[in-house]
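Enquirer:
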Amino acid sequence: MSVENSERPAGTARPAARYDDATHARLSADAALVIARYPQARSALLPLLHLVQSEDGFVSPAGIAFCAETLDLTAAEVSAVATFYSQYKRRPNGEYTVGVCTNTLCAIMGGDAIWDELSEHLDLGNDETTADGKVTLERIECNAACDYAPVVMVNWEFLDNQTPESAVQTVDKLRAGEPVASTRGPGKICSFKQVSRVLAGFPDGLADEGPSAGPETERGTALAAAEGWAAPPLPSEGGAEPDTTTPTASASGGASPEVGGPQSSAERKPTAAKDSSAEDQQKKQSSDQAKES
Amino acid sequence: MSDVTTLTPVLTKDWGVEQSWTLRAYLDGGGYAGLRAALAQAPGDVITAVKDSGLRGRGGAGFPTGMKWGFLPAPDGGPRYLVINADESEPGTCKDIPLMMASPQLLIEGAIITSYAIGCSHAFIYLRGEVVHVYRRLMRAVEEAYAAGYLGKNIMGSGFDLDITVHAGAGAYICGEETALLDSLEGRRGQPRLKPPFPAVAGLYARPTVVNNVETIASVPAILKGGAHWFREMGTERSPGFGIFSLSGHVQRPGQYEAPLGITLRRLLEMAGGIREGHELKFWTPGGSSTPIFTAEHLDIPLDYESVAAAGSMLGTRALQIFDETTSVVRAVTRWTEFYKHESCGKCTPCREGTFWLAQVLRRIEAGKGTSEDIDLLLDLCDNILGRAFCALGDGATSPITSAIKYFREEFEAGTHTPADELFPPERSSKFTYTPRRPAGQLAGVHA
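Chains as they are written, first to last, in the working numbering: chain A, 372 to 664; chain B, 3 to 450.
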């Protein structure tokens with residue numbers, strides 16, 4: 372994990388290392404609910420760090436002290452965990468984290484161009500925040516929406532099939548305080564603090580907003596319906612009863628040649644020395660076996 | 003012989019249904035029939051049914067699921083856990099996240115059946131933290147399942163009790179590795195553990211634990227409903243059943259296509275409308291960035307565990323990232339390597355140092371400033387990581403590099419004199435048209 376810069380901007384005071392009594396009592400009540408979800412209290416640390424971010428907009432010294440006290444850990448133990456995960460912020464975060472996916476697939480489909488555009492438009496580098504405190508710009512890794520590439524995440528809600536123009540529009544709206552809708556999520560994307568509270572495991576009642584899946588996700592389902600393709604009927608639906616026939620690979624038709632037979636991979640010619648090096652394959656295999664789970 | 007395999011929607015069947023994520027929609031689609039069938043059997047018989055089906059782990063490794071469940075030691079009166087790996091983060095992989103958004107009850111039902119089979123009374127779903135809306139849907143699904151009596155005490159009058167906790171991570175690819183996930187779930191830094199002991203013996207809180215991928219667990223209700231024989235009607239003998247194939251990149255209609263294992267990319271591309279107009283396939287990943295890349299010569303490889311392995315790669319997560327001839331393989335591989343460097347947990351030296359050096363060398367090749375020794379240096383570095391890293395992350399980091407050099411060595415050689423974005427202008431690969439903001443040779447998007 373990369374180590375983030377935790378220096379404070381010049382002239383800002385060190386945040387208080389302890390919450391005032393009212394805040395402490397309120398967070399303690401929340402923390403008790405979180406801890407109750409787990410057989411062992413320490414498992415609550417990740418959600419409690421999200422809870423701290425919902426209060427302060429980052430993992431503050433007071434938040435670290437609170438987690439440590441609540442879970443009977445040292446501040447060093449809590450900090451060690453907080454610095455490992457990329458969603459925990461070491462400095463006050465903007466109201467909206469705008470994350471541009473620049474992992475390979477999105478980058479090539481246009482993510483790099485979106486990043487360049489936003490970076491210049493906002494005059495920000497990675498993990499920097501606008502002076503008005505509205506937007507923190509981030510380069511993010513693959514967010515499991517590759518069929519919608521290029522993807523931008525705003526406070527960890529999906530904005531699918533983005534362009535430089537749409538991304539600029541989004542950040543302009545966010546800075547102007549106008550609502551921005553997720554393409555597969557809520558009609559109005561919540562603030563970083565609000566979303567952090569959800570991540571601590573406190574529902575905000577928005578689960579029923581947004582579509583079931585989205586058009587790309589449903590493409591296979593829709594194609595199968597249009598073509599009349601389906602899985603074999605269940606026995607209860609009049610499909611073959613068990614034991615009336617022997618299991619075969621027949622359902623996939625010609626997809627699977629006999630092992631070693633015509634058209635099987637056995638006919639494929641080695642393309643390079645590495646391809647057929649017994650030593651190389653053996654090493655890979657033993658390593659896979661050791662790790663397979 | 004041409005591949006005439008058709009799609010077999012089981013997991014994805016109801017994704018187009020109005021409010022498909024609700025319990026009501028799930029029950030309308032026949033939901034919880036699998037649980038009913040399971041509770042009518044002895045737990046051991048449920049394990050046997052899953053063993054007989056031949057279901058193999060859908061998270062990448064392909065380990066037989068029923069066998070994994072069978073590894074748990076005999077009950078000793080203490081707790082045993084089911085932990086569902088919903089930390090989907092492998093580049094290119096995008097099947098579990100939409101599944102949980104559209105059909106969270108499918109996962110909950112699978113979790114209840116599995117817990118019943120292995121004697122678990124507290125299951126966990128470890129979801130990556132970067133998908134808030136999926137977390138909302140999962141929490142809501144658990145809430146609805148409790149209210150309807152599918153979770154809690156004496157489920158459907160069976161005497162079986164189960165609680166499910168949905169847990170959000172906080173951003174770390176390594177937590178997809180099952181032992182790192184367990185450490186993370188225990189409130190620690192997500193670093194992998196030495197194996198053995200395997201989680202089956204000492205997993206969560208050092209208790210016997212089954213860790214399974216989302217799609218694996220979501221496949222269980224259908225097996226209980228249809229039976230092992232029905233499941234085996236799809237797929238191949240050693241790779242039975244259905245799976246979600248995720249097509250992304252330079253295809254006409256990217257998306258999720260659920261098909262029997264053993265389908266070919268050629269057939270899937272037909273369904274997805276082919277490569278984008280006027281272009282041709284250059285390279286692709288069969289199962290995410292950690293699986294060695296394939297080229298157009300592999301279009302007819304059956305996408306099952308055995309055939310893909312025999313062709314020198316891995317089926318992985320069936321994340322088919324498709325790149326056409328406009329794409330620089332050097333740029334693609336360099337970016338993946340930056341990812342592994344960023345996500346290496348730092349526990350072991352080969353991975354921590356190795357990914358750092360791989361990225362350094364690849365960056366200069368991408369910039370057209372490589373040296374004549376750099377390809378050998380890359381291969382030597384990979385050789386010192388593969389099989390020597392603590393977990394599979396290090397091995398995975400070498401896959402794109404060694405396979406890309408195998409198929410496209412000349413592009414790496416060109417990196418000794420010409421920048422990748424001069425050879426392959428990025429605007430030609432992009433989905434939209436734009437004017438590049440910087441002169442060629444000045445690379446976009448390198449991690450600071």
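By construction, the Cβ of each residue, glycine as well, lies at the ideal position given by its N, Cα and C atoms.
Got a sec, what are the start and stop residues for the beta strand (DSSP E) cysteine 384(B) sits in?
Expert: Not the beta strand (DSSP E): cysteine 384(B) falls in the alpha helix (DSSP H), residues 376 to 387.
Enquirer: Between the alpha carbons of glycine 171(B) and arginine 191(B), how many angstroms are there, rounded?
Expert: Cα to Cα, the separation comes out at about 11 Å.
Enquirer: Kindly examine the ligand SAH and report whether one of its heavy atoms sits closer than 8 Å to the Cβ of methionine 236(B).
Expert: With respect to the ligand SAH, the structure shown offers nothing to examine, as it has no ligands at all.
Enquirer: Return yes when the Cβ of glutamate 217(B) is within less than 9 Å of the Cβ of glycine 61(B), no when it is not.
Expert: Yes, Cβ-Cβ distance for glycine 61(B) and glutamate 217(B) is below 9 Å.
Enquirer: Going by C-alpha to C-alpha distance, which of Leu109(B), Ala42(B), Ala63(B) and Phe341(B) sits closest to threonine 14(B)?
Expert: Here the closest residue by C-alpha is Leu109(B).
Enquirer: How would you write the range of the alpha helix (DSSP H) that proline 418(A) sits in, first residue to last?
Expert: It spans 416 to 427 - the alpha helix (DSSP H) in which proline 418(A) sits, taken as one unbroken run.
Enquirer: Using 9 Å as the limit for Cβ to Cβ distance, is glutamine 411(A) near chain B?
Expert: Closer than 9 Å: yes.
Enquirer: Using a C-beta to C-beta distance shorter than 9 Å, which residues of chain B count as neighbours of leucine 508(A)?
Expert: Those do not exist, as leucine 508(A) stays about 12 Å from chain B at its closest Cβ, beyond 9 Å.
Enquirer: Contact defined as beta carbons within less than 8 Å: I believe aspartate 518(A) pairs with threonine 588(A). What is the distance between those atoms, to the nearest angstrom?
Expert: Yes, aspartate 518(A) and threonine 588(A) are in contact; Cβ-Cβ is about 7 Å, under 8 Å.
Enquirer: Keeping to the same chain, check which residues put their C-beta closer than 8 Å to that of asparagine 386(B); ignore five residues upstream and five downstream.
Expert: The answer, listed in chain order, is Pro352 and Gly356.
Enquirer: Taking all protein chains shown into account, decide if glutamine 458(A) is buried (16 or more other Cβ within 10 angstroms of its Cβ) or exposed.
Expert: Glutamine 458(A) is buried by the Cβ-count criterion.
Enquirer: Pull up the distance between the alpha-carbon of leucine 489(A) and that of alanine 42(B), whole angstroms please.
Expert: Distance between the alpha carbons of leucine 489(A) and alanine 42(B): 57 Å.
Enquirer: How would you label aspartate 443(A), buried or exposed, when you count the other beta carbons within 10 angstroms and need 16 or more for buried?
Expert: When all chains shown are included, aspartate 443(A) counts as exposed.
Enquirer: Could you tell me the boundaries of the alpha helix (DSSP H) in which valine 310(B) lies?
Expert: Residues 307 to 312.
Enquirer: Can you list the residues of chain B that proline 521(A) reaches, using a CB-CB cut of under 9 Å?
Expert: What proline 521(A) touches in chain B: Ser432, Lys433 and Phe434.
Enquirer: DSSP state of cysteine 472(A), grouped into three classes?
Expert: Three-state DSSP puts cysteine 472(A) in a strand.
Enquirer: Quick check: is the beta carbon of valine 630(A) nearer than 9 Å to any beta carbon in chain B?
Expert: Annotation note: pLDDT 48 at valine 630(A) (below 50); position unreliable, no value reported.
Enquirer: Can you confirm whether the stretch 92 to 108 of chain B touches the stretch 243 to 255 of chain B when touching is taken to mean that 3 or more C-beta pairs between the two stretches lie within less than 8 Å?
Expert: The stretch 243 to 255 of chain B vs the stretch 92 to 108 of chain B: in contact.
Enquirer: Three or more C-beta pairs under 8 Å: does that hold for the stretch 397 to 411 of chain B against the stretch 335 to 342 of chain B?
Expert: Cβ pair count under 8 Å is three or more, so yes.
Enquirer: Out of Ser241(B), Leu226(B) and Ser117(B), point me to the one whose CA is closest to leucine 605(A)'s CA.
Expert: Looking at the Cα atoms, Leu226(B) is the closest of the given residues.
Enquirer: Return no unless some Cβ of chain B is closer than 9 Å to the Cβ of alanine 455(A).
Expert: One detail in the question is off: residue 455(A) reads as phenylalanine in this sequence, not alanine. It does: the Cβ of phenylalanine 455(A) has a partner Cβ on chain B nearer than 9 Å.
Enquirer: May I ask which residues mark the beginning and end of the beta strand (DSSP E) holding alanine 125(B)?
Expert: Its beta strand (DSSP E) spans residues 124 to 129.
Enquirer: Check the Cβ of valine 566(A) against every Cβ in chain B and list those closer than 7 Å, keeping chain order.
Expert: Ordered by position in chain B, the residues that pass the 7 Å Cβ test against valine 566(A) are Val134.
Enquirer: Going along the chain, which unbroken runs of the alpha helix (DSSP H) with 4 or more residues stay wholly within the stretch 9 to 52 of chain B?
Expert: DSSP runs (the alpha helix (DSSP H)) wholly in the stretch 9 to 52 of chain B: 25 to 30 and 35 to 41.
Enquirer: Of all the options Phe73(B), Glu239(B) and Asn87(B), which has the alpha carbon lying nearest to the alpha carbon of tyrosine 128(B)?
Expert: Taking only the C-alpha atoms, the option nearest tyrosine 128(B) is Asn87(B).
Enquirer: With DSSP as the reference, label isoleucine 303(B) as helix, strand or coil.
Expert: Looking at isoleucine 303(B) - three-state DSSP - the assignment turns out to be coil, as it is neither helix nor strand.
Enquirer: Run down chain A in chain order and give the residues with a C-beta less than 8 Å from the C-beta of leucine 91(B).
Expert: It should be pointed out that residue 91(B) corresponds to serine in this sequence rather than to leucine. Those within 8 Å of serine 91(B) in chain A are Glu512, Cys513 and Ala515.
Enquirer: Can you find the residues in the same chain that come closer than 7 Å, C-beta to C-beta, to glutamate 466(A), ignoring five residues on each side of it along the sequence?
Expert: Contacts found: Gly504, Lys505, Ser562 and Phe563.
Enquirer: Hey, does phenylalanine 429(A) have any beta-carbon neighbour from chain B nearer than 9 Å?
Expert: Cβ-Cβ to chain B under 9 Å: no for phenylalanine 429(A).
Enquirer: For a contact defined as C-beta to C-beta under 7 Å, what are the partners of glutamate 327(B) on chain A?
Expert: Correct list: empty, because the minimum Cβ distance to chain A is about 12 Å.
Enquirer: Quick one: Cα of glycine 632(A) to Cα of aspartate 78(B), how far?
Expert: In this prediction, glycine 632(A) has a pLDDT of 49, which is less than 50 and means its spatial position is unreliable; what the coordinates show is noted afterwards. So the alpha carbons of these two residues sit roughly 49 Å apart.
Enquirer: Examine chain B for any beta-carbon lying closer than 9 Å to the beta-carbon of aspartate 494(A), and answer yes or no.
Expert: Not one chain B Cβ lies under 9 Å of aspartate 494(A).
Enquirer: Got a sec: is the Cβ-Cβ distance from proline 463(A) to anything in chain B below 9 Å?
Expert: Judged by the 9 Å Cβ criterion, proline 463(A) is not in contact with chain B.
Enquirer: Listing by chain order, which chain A residues have their CB less than 7 Å from the CB of tyrosine 148(B)?
Expert: Near tyrosine 148(B) there are no residues of chain A at all, since even the closest Cβ is about 13 Å away, more than 7 Å.
Enquirer: Is it the case that the Cβ atoms of glycine 428(A) and asparagine 464(A) are separated by a distance below 9 Å?
Expert: Cβ atoms of glycine 428(A) and asparagine 464(A): closer than 9 Å.
Enquirer: Tell me which residues of the stretch 102 to 129 of chain B have at least one Cβ-Cβ distance to chain A shorter than 7 Å, keeping chain order.
Expert: Listed in sequence order: Met103, Ala104 and His124.
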